[in-house]
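Participant: Residue numbers (my numbering), protein chains in the order written: chain W, 1 to 118; chain Y, 1001 to 1114.
Think of the CB as a built atom: it goes at the ideal place given N, C-alpha and C, for glycine as much as any other residue.
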Amino acid sequence: AQKVTQAQTEISVVEKEDVTLDCVYETRDTTYYLFWYKQPPSGELVFLIRRNSFDEQNEISGRYSWNFQKSTSSFNFTITASQVVDSAVYFCALSEVLIKAAGNKLTFGGGTRVLVKP
Amino acid sequence: NAGVMQNPRHLVRRRGQEARLRCSPMKGHSHVYWYRQLPEEGLKFMVYLQKENIIDESGMPKERFSAEFPKEGPSILRIQQVVRGDSAAYFCASKPGQGYNEQYFGPGTRLTVT
C-alpha cells in the first residue's frame, strides 16, 4: 500500500524567509508520480508540480523549488523568499501507475499549513 | 476551456436528509475521481469512475454513499441519510482518459450536516 507522510503540520515564518516542506512516501511500485498541491484559505486545490519516478532532476519554478531524492523516498518543496500570499496548506501526493491503468488515484499526505507573517 | 465544475459549492443538510453533489468534468474528460477532505485532514480517495462504469470504489464507505457517472450529464456523489460525520469538503477531479496521470480538481463542495 502506498503512503505519504508530511511530518510538519504547521510552519510559521516571517516574510522573506525560506521555508522547506518535507514529504516522505512509501510505495512498492517502481513507476509512480509525485505531486504537490496548494490549498489557499479559499479552499480550492491548486496544482503545483508533477514528477515521475524516473526523473530525479530537481526543478525550480520562480520562488518554488523541488528536491526529489529517490534513495530516501523524499520529495521536498522549498519556497524561497516567502510572501504572505504563500500562506496556505500544502499537500504532497503520490500516484502509482498500475499495469491495468485502472487507478492512478492520488494518495495525499496530511498537509502542512504554512503561515507567512508580514 | 472551462475547468472542472462542482455544484453546489456549499450545501447544508439536516441529519437524515440526502445530499447530492455534482461534478462536471473538463470538456473531453471521461474519467472522474471523488475525494473527501474531513476537517483538519488531508484528502482521501473515494471512488474512480469512467462514463457508465465504476472502476474503483475502494475508498467509498460501504453504506449510504453511492456514485455514478452517466453517459450524459455530470457525475453525482449521493449520500443518503447524512450524519454529522459526513460534514467535509468533497472534491472532484477529472482527466482525459486512462493513459493520463494528471488530475484536474474542481473547487469542491463543502457539506455541512446540522
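Looking at G1097(Y): is its Cβ nearer than 8 Å to the Cβ of M1005(Y)?
Facilitator: Numbered from 1 along the second sequence, position 97 holds the residue referred to as residue 1097(Y). Numbered from 1 along the second sequence, position 5 holds the residue referred to as residue 1005(Y). No, the Cβ-Cβ distance between G1097(Y) and M1005(Y) is not below 8 Å.
Participant: Within the continuous beta strand (DSSP E) that includes E1068(Y), where are the two ends?
Facilitator: Taking the second sequence and counting its residues from 1, one reaches residue 1068(Y) at position 68. Here the beta strand (DSSP E) through E1068(Y) covers 1065-1068.
Participant: Taking its Cβ as the centre, do 16 or more other Cβ atoms sit within 10 Å of G1085(Y), making it buried, or is it exposed?
Facilitator: Position 85 of the second sequence, counted from the start, is the residue given in the question as residue 1085(Y). Burial call: exposed.
Participant: Per DSSP, what kind of secondary structure is D1056(Y) in: helix, strand or coil?
Facilitator: Taking the second sequence and counting its residues from 1, the one referred to as residue 1056(Y) is at position 56. Strand at D1056(Y).
Participant: Where does the unbroken beta strand (DSSP E) through A7(W) begin, and where does it stop?
Facilitator: On the first sequence, position 7 is the one that residue 7(W) refers to. Careful: A7(W) lies outside any beta strand (DSSP E) and carries neither H nor E.
Participant: Should the segment 48-59 of chain W be called in touch with the segment 25-36 of chain W, which here means at least 3 C-beta pairs below 8 Å?
Facilitator: Yes, they touch.
Participant: Just the chain W side, please: which residues come within less than 7 Å of Q1103(Y) by C-beta, in chain order?
Facilitator: Along the second sequence, read from residue 1 onward, the residue named residue 1103(Y) stands at position 103. Those within 7 Å of Q1103(Y) in chain W are L106.
Participant: Residues in its own chain within less than 6 Å of L115(W) by CB, not counting five upstream and five downstream?
Facilitator: As a first step, residue 115(W) is located in the first sequence; it is residue number 115 there, counting from the start. The residues are S12, S87.
Participant: Out of Q1017(Y), G1099(Y), H1031(Y), P1039(Y), point me to the one whose CA is closest to P1074(Y)'s CA.
Facilitator: In the second sequence, residue 1074(Y) corresponds to position 74, counting from 1. It is H1031(Y) whose Cα lies nearest to the Cα of P1074(Y).
Participant: To which residues of the same chain is V1047(Y) closer than 6 Å at the C-beta, ignoring the five residues directly before and after it?
Facilitator: Within the second sequence, numbered from 1, the residue matching residue 1047(Y) stands at position 47. Within the same chain, V1047(Y) has close Cβ partners W1034, E1057, M1060, A1067.
Participant: Mind checking S1094(Y): buried by the 16 CB within 10 Å criterion, or exposed?
Facilitator: In the second sequence, counting from the first residue as 1, residue 1094(Y) sits at position 94. S1094(Y) is buried by the Cβ-count criterion.
Participant: Just to make sure I have the definition right: I need the residues of chain W whose C-beta is within less than 8 Å of the C-beta of F1091(Y). Which are they?
Facilitator: Along the second sequence, read from residue 1 onward, the residue named residue 1091(Y) stands at position 91. By Cβ distance, chain W contributes L45.
Participant: Assign I60(W) to one of two classes, buried (16 or more other C-beta atoms within 10 Å of its C-beta) or exposed (fewer than that).
Facilitator: If you number the first sequence from 1, residue 60(W) lands on position 60. Result: exposed.
Participant: Ends of the beta strand (DSSP E) at V114(W)?
Facilitator: Here residue 114(W) refers to the residue found at position 114 when the first sequence is read from its first residue. Taken as a continuous stretch (DSSP letters only), the beta strand (DSSP E) holding V114(W) covers 112-117.
Participant: Please classify K70(W): does DSSP put it in a helix, a strand, or coil?
Facilitator: Residue 70(W) sits at position 70 when you count from the first residue of the first sequence. Here K70(W) sits in helix by DSSP.
Participant: Residue range of the beta strand (DSSP E) that Q39(W) falls in?
Facilitator: The sequence position of residue 39(W) within the first sequence is 39, counting from 1. Start and end: 32-39.
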